[in-house]
Amino acid sequence: LYITARSAEEAQAARDYAAPRVDAVLPILSAEAPVAGRAGDIAGFVDHPTYRDNWPLLVAAPDVWDRVAAGEAVLVNEQVWRRAGLSLGDAVDLGADWSLPLAGVYSDYGNPEAQAMVAADTLRARYPDLPGLRFALRVDPDRASGIAAGLRDEAGLAPQSVVNQAEVKALSLDVFERTFLVTGALNALTLGVAGFAMLTSLLTLSNLRLPQLAPLWALGMTPDRLARLEVARTAILAALTWVVALPAGLALAWVLLAIVNVAAFGWRLPMLLFPLSWLWLLLAALAAALLASLWPVLRLTRLPPQRLLRVFSNAT
45 LYITARSAEE AQAARDYAAP RVDAVLPILS AEAPVAGRAG DIAGFVDHPT
95 YRDNWPLLVA APDVWDRVAA GEAVLVNEQV WRRAGLSLGD AVDLGADWSL
145 PLAGVYSDYG NPEAQAMVAA DTLRARYPDL PGLRFALRVD PDRASGIAAG
195 LRDEAGLAPQ SVVNQAEVKA LSLDVFERTF LVTGALNALT LGVAGFAMLT
245 SLLTLSNLRL PQLAPLWALG MTPDRLARLE VARTAILAAL TWVVALPAGL
295 ALAWVLLAIV NVAAFGWRLP MLLFPLSWLW LLLAALAAAL LASLWPVLRL
345 TRLPPQRLLR VFSNAT
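Structure representation (C-alpha cells):
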C-alpha cells in the first residue's frame, strides 16, 4: 500500500494504525536537487529486504546496499549513468557541495528525469525539513484491502490517499492484455494480407513458369507430380524467407533497443529471446505459403495438354 497523507498529524495517525498490522512501514522521501549536473531528485530509503531483494540493479558493487545504507555511497538511475558516462566508484555530484561515490545503477523505465537514491537518514541530514507525508506499507496482499479500509475509516485518510499496488498492477496488466489482443489481431490481419499477396504472385508466376514446366511434362512427369514439385518449391521459398527474415528482425530489434532507445530516452530495455515463437513463425509462414499455392497448383493439375504443347509451338 502507498500512503500520501495531507498533514503531519494524518501521517502519524496512519503510521500508528498501520505499524502493528503490517510487516514494515517504509518512508518515501524525496528532495529536488541536481544529480550529476542535471536537474532531478534524490530519494531516501530505509535499509529493508524490500529493496535488497527486489531492486532492479543493472550494475553494482559487491557491497552496494551496505555502503548506501551507511551513507557512504549512492545509487543512480540508468538515465544518469548513461548520459553522464559514470563508472562504479566515480563521484556523483548531488549539489550543495555534496558528492558520493557511485555504488550501483538501477533501471528506471519511462522516467525522463535524473534520480539518485541514498539512505533516508543521510537525506534527512542534508534536508532536515523534508515532510514525511508519504510512505509505503509492506503487507500481505490478502490483507491489503482490509488495512486500506481501516486507514480510511479509523485513521481518517482520504480515499485517494491510499493506493493499493495490487489493484494498480491488475489494472495495468488488464490494459496490456487488451493491447496484446489488438496486436494479435493485427498480426493475423498482416499474415492474411501477406498470404493474399503470395496468392496473386503465384497466380501470375504460374503462367510465366509454363515454359519451364512444359519440358518436364514432355519428359514424362505427370501434372500431379509437377504440382507436388510446385508445392515443395513454394514451401522451400517460405522457409528460406524465414531464415533470412529472422536474423534481420532480431538485428533490427537489437538496434532499436540498444541504440535508438538509449539515444532517445537514456534507458535500455532488455532483449528477450523466444525460440519457440520462432518455430511458430516458421509454421505460420509455411501454412500461409501452402494455402496460397493451393489454387495455382490446382490449376496446374487441370491444365489441358494442348496448353503445354502450345509452349513448344510458340518456341518454334
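Following this note's numbering, the numbering of the sequence shown begins with 45 at its first residue and continues without gaps. Yeah, the Cβ is synthetic: ideal placement off N, Cα and C, and Gly gets one too.
Residue environment, residue i, which counts as buried when at least 16 other CB atoms sit within 10 Å
i	result
Gln159	buried
Ala58	buried
Gly84	buried
Tyr150	buried
Asp97	exposed
Leu296	exposed
Ser245	exposed
Leu146	buried
Gln56	exposed
Asp152	buried
Ala193	exposed
Trp298	exposed
Gly310	buried
Thr223	exposed
Val66	buried
Tyr274	What sits at residue 274 in the sequence shown is Glu, not Tyr. It counts as buried.
Pro340	buried
Ile86	buried
Ile191	buried
Val112	buried
Ala282	buried
Cβ-Cβ distance between residue i and residue j below 8 Å
i	j	result
Leu174	Arg182	no
Ala332	Leu235	yes
Ala329	Trp286	yes
Arg50	Ala202	yes
Ala199	Tyr61	yes
Leu132	Val103	yes
Thr278	Leu334	yes
Arg312	Leu301	yes
Leu225	Gly148	no
Ala68	His92	yes
Phe179	Pro314	no
Lys270	Leu257	Residue 270 is actually Leu in this sequence, not Lys. Result yes, Cβ atoms of Leu270 and Leu257 sit closer than 8 Å.
For residue j and residue i, the rounded distance between their alpha carbons
i	j	result
Leu247	Gly154	48 Å
Leu260	Leu249	17 Å
Leu294	Asp268	39 Å
Phe240	Leu284	19 Å
Asp197	Val108	41 Å
Arg170	Pro78	14 Å
Pro64	Pro185	16 Å
Thr166	Leu73	11 Å
Gln123	Glu157	8 Å
Leu317	Ala128	30 Å
Ala114	Leu130	21 Å
Thr345	Leu263	16 Å
Leu217	Leu233	24 Å
Ala292	Val212	37 Å
Leu144	Val306	25 Å
Ala80	Ala289	42 Å
Tyr95	Ala188	20 Å
Glu53	Leu177	9 Å
Leu320	Thr227	19 Å
Arg343	Ile280	20 Å
Gly88	Val136	16 Å
Met265	Trp322	36 Å
Val90	Leu215	29 Å
Trp99	Ala105	14 Å
Val304	Trp125	17 Å
Ala276	Pro255	19 Å
Ala141	Asp110	At residue 141 the sequence reads Asp, which differs from the Ala that was named. Cα-Cα distance, rounded: 23 Å.
Pro172	Asn231	55 Å
Leu195	Asp134	43 Å
Arg272	Glu221	42 Å
Ala308	Val219	25 Å
Open item on the list: Could you check whether the region 158-177 touches the region 114-133, counting it as contact only if at least three pairs of C-beta atoms, one from each stretch, sit closer than 8 Å?
Closed with: Taking 8 Å as the limit for Cβ pairs, the verdict is that the region 114-133 does touch the region 158-177.
Task: 4 or more residues per run - each alpha helix (DSSP H) lying fully within the region 135-192 - done: 164-170
- [ ] Count the CB pairs spanning the region 196-211 and the region 46-62 that are closer than 8 Å, and state whether there are at least three.
- [x] yes
- [ ] Within the region 212-266, note down every full alpha helix (DSSP H) run reaching 4 residues or more, in order along the chain.
- [x] Along the length of the region 212-266, whole alpha helix (DSSP H) runs at least 4 residues long occupy 254-262, reported in chain order.
- [ ] Could you pull out every unbroken beta strand (DSSP E) segment of at least 3 residues lying fully inside the region 85-129, listed in chain order?
- [x] Listed in chain order, the complete beta strand (DSSP E) runs (minimum 3 residues) inside the region 85-129 are 101-104 and 118-121.
Task: Ranges of the alpha helix (DSSP H) found wholly within the region 315-350, counting only runs of at least 4 - done: For the region 315-350, whole alpha helix (DSSP H) runs of length 4 or above, ordered along the chain, are 319-345.
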